[in-house]
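The next block holds one structure in the form of structure tokens; read it before the comments.
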Amino acid sequence: MDQRNLTLLTDFYELTMMQGYFKEKAANETVIFDMFYRTNPFGNGFAVCAGLEQVIEYINDLHFSQEDVDYLRSTGMFEEDFLEYLRHFRFSGDIYAIPEGTVVFPREPLVKVVAPIMEAQLVETALLNIINHQSLIATKTYRVVHAAQGDGVMEFGLRRAQGPDAGLYGARAAMIAGCVGTSNVLAGQMFDVPVKGTHAHSWIMSFPDELTAFRTYARMYPSACILLVDTYDTLNSGVPNAIQVFKEMRGAGIPLTFYGIRLDSGDLAYLSKEAKRMLTEAGFPDAVISASNDLDEELIDSLKLQGAAINSWGVGTHLITAKDCPSFGGVYKLAAIQDRDTGKFIPKIKLSENAEKITNPGNKTIRRIYSQKTGKIIADLICLADENFDESRSLLLFDPIQTWKKTHLAPKSYTMRELLIPVFKKGACVYHSPKVMDIQAYCKQELSTLWEESRRLVNPHKVHVDLSNELWHMKNQLLDSYHHTSNEN
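Structure follows, in structure tokens:
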């Protein structure tokens, strides 16, 4: 697939601000921007981050072609010296990110950009577009896979996705979060993930009768024979005809390695239980019973509670569109500006009447704290990048808002891991993105570090994201200084 130049995949004001910085001679002022989100989507207890590989592709290819420059000139908003600068533009900064497949929580930086302000400003829109979408679909997929309780979940939402890119990269995110395959063939080719599928009702309808359609399909695909049984009459025609074909295959000595039926309509709980009874009585107790038809995590959970005999799930529209929560809500905020004389970063904070929108200032990183005994996550600690911690010493954690809520961790009772890793240094990529199926395995391990109470779909237990003592004091000193200035004015 040809790589598109996504440089102009940005909001217009990013470019007008760039020209403003250029004219004000602030082009080389180094800044830090953090990309984070404020609220877990779907009421989930966490999110699954995804999209870093496409961010890397975008940054690596970031350049203004002659056609791009000519187009910007045609808007009448840009002067020739700035357009000449764009002709030679390349990203020269540093980017740190949390690896794909990691479980993440509100307010912690998923991506940190350290770069000249013009460069950091330009990449904002595309970075948010990529990370927001893929993290949203990955988080939705987790919920669907969790509801399936170990059954295979296949992603097949391409025809309902909001365009080709959403279908492709949504499929990739779904695979990261645990789907066993996708119906999207191009996604299979691009990302080296399993592609799966059965057949449509039109296959059945194109034959003189249902039995002939089943026999033909079984003859062509004996090692992957899943028959769609609800075209005419599920229990009086579809399942009996499928059983007849399975008997014929067994009689012909064809191994029944992967076989079964698919239900795409009706009362899935009742039909699956009746189909299971019929298949078992006919000597096919291990036949797969797959279901589709506008499924989501709530419906799958309900079917499980009803004792449905379904052990394979095909999920399309609700997964690929994240139908009940269509946006992730990630934002990109200035956190620090480098002092030209000292080289130190001066923290910056965004104030708001809404306390949730007050940002965390400074050059930060994230330390994930695990229980030494269980390996489970205790909390995440947002701290300054140059802070050092000693696991052989006790650690005090406290809620950054309700500061009287404190937890003391005894020496050697915990371990710490830094989440943000270098991806670009001085404009050069220093990180190799793993294959999607390797990211999926990593994501599965990540999920195992959460307590089950944090993984439940409804009213999950909150994992605490705290500020280090040093960062908390810096933030409050900035708040106090702004309050003092406001009172003087």
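Residues are numbered in our numbering as their position in the sequence shown, beginning at 1, plus a constant of 116. Virtual Cβ for every residue (Gly too), placed ideally from N, Cα, C. None of the values given here were measured: they were computed from a predicted structure.
Next on the checklist: Using 8 Å as the cut-off, can you tell me whether the segment 567 to 576 makes contact with the segment 458 to 478, which would need three or more C-beta pairs spanning the two stretches below that distance?
Outcome noted: no
Next on the checklist: Restricting to Cα atoms, I'd like to know which of ALA451, ALA287, LYS560, LEU411 is closest to PRO477.
Outcome noted: Counting from one through the sequence shown, the residue named residue 477 turns up at place 361. For PRO477, the nearest C-alpha among the options comes from ALA451.
Checklist entry - How would you label MET193, buried or exposed, when you count the other beta carbons within 10 angstroms and need 16 or more for buried? => result In the sequence shown, counting from the first residue as 1, residue 193 sits at position 77. That one is exposed.
Next on the checklist: Would you call the segment 592 to 599 in contact with the segment 278 to 289, where contact means no fewer than 3 C-beta pairs closer than 8 Å?
Outcome noted: no
Checklist entry - Counting pairs of Cβ atoms below 8 Å between the segment 364 to 379 and the segment 334 to 347, do you hit three or more? => result yes
Checklist entry - According to DSSP, which residues form a beta bridge with TYR486? => result Residue mapping note: residue 486 aligns to position 370 of the sequence shown, counting from 1. ILE493, THR531, per the DSSP bridge assignment.
Item to check | For ILE494 and ASP184, the rounded distance between their alpha carbons | outcome: Here residue 184 is taken as the residue at index 68 of the sequence shown, counted from 1. Here residue 494 is taken as the residue at index 378 of the sequence shown, counted from 1. Those two C-alpha atoms are separated by around 49 Å.
Checklist entry - Under 8 Å, do ARG259 and ARG154 count as touching if we go by C-beta distance? => result For the purposes of this step, residue 259 is identified with residue 143 of the sequence shown, where counting begins at 1. For the purposes of this step, residue 154 is identified with residue 38 of the sequence shown, where counting begins at 1. No, these two residues do not count as a Cβ contact at 8 Å.
Next on the checklist: Given a cut-off of 8 Å on the beta-carbon distance, is the pair MET394 and VAL447 in contact?
Outcome noted: Here the question's residue 394 lines up with position 278 in the sequence shown. Here the question's residue 447 lines up with position 331 in the sequence shown. It is not a contact, given that the beta carbons lie outside the stated cut-off.
Checklist entry - Rounded to a whole number of angstroms, what is the C-alpha to C-alpha distance between TYR669 and TYR174? => result This structure leaves residue 669 out entirely; the chain is present only between 117 and 605.
Next on the checklist: Just list the residues that DSSP pairs TRP429 with in beta bridges.
Outcome noted: As a position in the sequence shown, residue 429 is number 313, starting the count at 1. Paired residues: VAL269, ALA407.
Item to check | Continuous beta strand (DSSP E) assignments of at least 3 residues falling wholly in the segment 211 to 250 | outcome: 227 to 232
Next on the checklist: Given a cut-off of 8 Å on the beta-carbon distance, is the pair SER353 and GLU326 in contact?
Outcome noted: If you number the sequence shown from 1, residue 353 lands on position 237. If you number the sequence shown from 1, residue 326 lands on position 210. The answer is yes: Cβ separation under 8 Å.
Next on the checklist: For ALA329, count the other beta carbons within 10 Å of its own beta carbon; 16 or more makes it buried, fewer makes it exposed. Which is it?
Outcome noted: Numbered from 1 along the sequence shown, position 213 holds the residue referred to as residue 329. With 16 or more other Cβ atoms within 10 Å, it is buried.
Next on the checklist: Quick check on DSSP: helix, strand or coil for ALA451?
Outcome noted: Counting from 1 along the sequence shown, the entry for residue 451 is found at position 335. Looking at ALA451 - three-state DSSP - the assignment turns out to be strand.
Checklist entry - What alpha helix (DSSP H) runs, 4 residues minimum, are completely inside the segment 380 to 405? => result 384 to 397
Next on the checklist: I'd like to confirm the pairing. Which residues does DSSP put opposite THR257 in its beta bridges?
Outcome noted: Within the sequence shown, residue 257 is the residue found at index 141, counting from 1. DSSP, once it has assigned bridges, lists no residue as partnering THR257.
Item to check | Environment of THR490 [buried if 16+ CB atoms lie within 10 Å] | outcome: Sequence index remark: in the sequence shown, residue 490 carries index 374 (1-based). Label assigned to THR490: exposed.
Checklist entry - Leaving out five residues before and five after ARG509 in sequence, what residues of the same chain have Cβ atoms less than 8 Å from its Cβ? => result In the sequence shown, residue 509 corresponds to position 393, counting from 1. Counting only Cβ-Cβ distances below 8 Å, and skipping sequence neighbours, we find PRO527.
Checklist entry - Nearest-angstrom Cα distance between THR415 and SER381? => result Within the sequence shown, the letter at position 299 stands for residue 415. Within the sequence shown, the letter at position 265 stands for residue 381. In the sequence under discussion, the amino acid at residue 415 is Leu, which differs from the Thr named in the question. Near 13 Å, if we compare the C-alpha coordinates of SER381 and LEU415.
Item to check | Nearest-angstrom beta carbon gap, MET234 and TYR137 [assumed within contact, 8 Å] | outcome: Looking up residue 137 in the sequence shown gives position 21. Looking up residue 234 in the sequence shown gives position 118. Rounded, the Cβ-Cβ distance is 5 Å, consistent with contact.
Checklist entry - Of the residues LEU188, PHE152, GLU216, which one's Cα is nearest the Cα of ASP127? => result Position 11 of the sequence shown, counting from 1, holds the residue named residue 127. When only C-alpha atoms are compared, the closest one is LEU188.
Next on the checklist: So the candidates are ILE453, ASN470, ALA471; which of them puts its Cα closest to the Cα of LYS480?
Outcome noted: What you label residue 480 is simply residue 364 of the sequence shown in a count that begins at 1. The shortest Cα separation from LYS480 among ILE453, ASN470, ALA471 belongs to ILE453.
Next on the checklist: Do ALA213 and VAL539 have their beta-carbon atoms positioned less than 8 Å apart in this structure?
Outcome noted: For the purposes of this step, residue 539 is identified with residue 423 of the sequence shown, where counting begins at 1. For the purposes of this step, residue 213 is identified with residue 97 of the sequence shown, where counting begins at 1. Their beta carbons are under 8 Å apart, which means VAL539 touches ALA213 by this criterion.
Item to check | ALA104 burial status per 10 Å Cβ neighbour count (16 or more: buried) | outcome: Only positions 117 to 605 of the chain appear in the structure, and residue 104 is not among them; the question remains open.
Item to check | Beta-carbon spacing of PRO157, PHE444 below 8 Å | outcome: As a first step, residue 157 must be located in the sequence shown, where it is residue number 41. As a first step, residue 444 must be located in the sequence shown, where it is residue number 328. Taking 8 Å as the Cβ cut-off, PRO157 and PHE444 qualify as a contacting pair.
Item to check | Cα-Cα separation, LEU435 to GLY167 | outcome: Taking the sequence shown and counting its residues from 1, the one referred to as residue 435 is at position 319. Taking the sequence shown and counting its residues from 1, the one referred to as residue 167 is at position 51. Roughly 17 Å separates the two Cα atoms.
Checklist entry - Closest to ILE482 by CA distance: which of ILE537, GLU507, GLN488 is it? => result On the sequence shown, residue 482 is found 366 positions in, with the first residue counted as 1. The residue with the shortest Cα to Cα distance from ILE482 is ILE537.
Item to check | CA-to-CA distance, ASP349 to ASP321, given in whole angstroms | outcome: For this step, residue 321 is matched to residue 205 along the sequence shown. For this step, residue 349 is matched to residue 233 along the sequence shown. Note that residue 321 is Met in the sequence shown, not Asp. The straight-line gap from Cα to Cα measures roughly 13 Å.
Item to check | Cutoff 8 Å; reference GLY84; Cβ partners in own chain excluding five residues on either side | outcome: Missing from the structure shown is residue 84; the chain here goes from 117 to 605 and no further.
Item to check | Buried or exposed (CB count within 10 angstroms, at least 16 for buried), LEU202 | outcome: By one-based count along the sequence shown, residue 202 stands at place 86. Under this definition LEU202 is a buried residue.
Next on the checklist: Buried or exposed, going by whether 16 or more other CB atoms sit within 10 Å of the CB of MET117?
Outcome noted: Reading the sequence shown from its first residue, position 1 is the one you call residue 117. Confidence is the limiting factor: at MET117 the pLDDT is only 42, short of 50, which leaves the residue's position unreliable and the question unanswerable from this model.
Item to check | Rounded C-alpha distance that separates ALA358 from GLY367 | outcome: Indexing the sequence shown from 1 puts residue 358 at position 242. Indexing the sequence shown from 1 puts residue 367 at position 251. Answer to the nearest angstrom: the Cα atoms are 14 Å apart.
Item to check | For LEU372, the nearest candidate out of GLU562, GLN265, LEU351, PHE400 (CA to CA) | outcome: Start at 1 with the first residue of the sequence shown, and residue 372 comes out as number 256. It is PHE400.
Checklist entry - Helix, strand or coil: how does DSSP classify TYR375 here? => result Position 259 of the sequence shown holds residue 375. Correct three-state label for TYR375: strand.
Checklist entry - Which value, in whole angstroms, describes the spacing of the CA atoms of ARG89 and LEU384? => result For residue 89 there is no data in the structure shown, the boundaries of the chain being 117 and 605.
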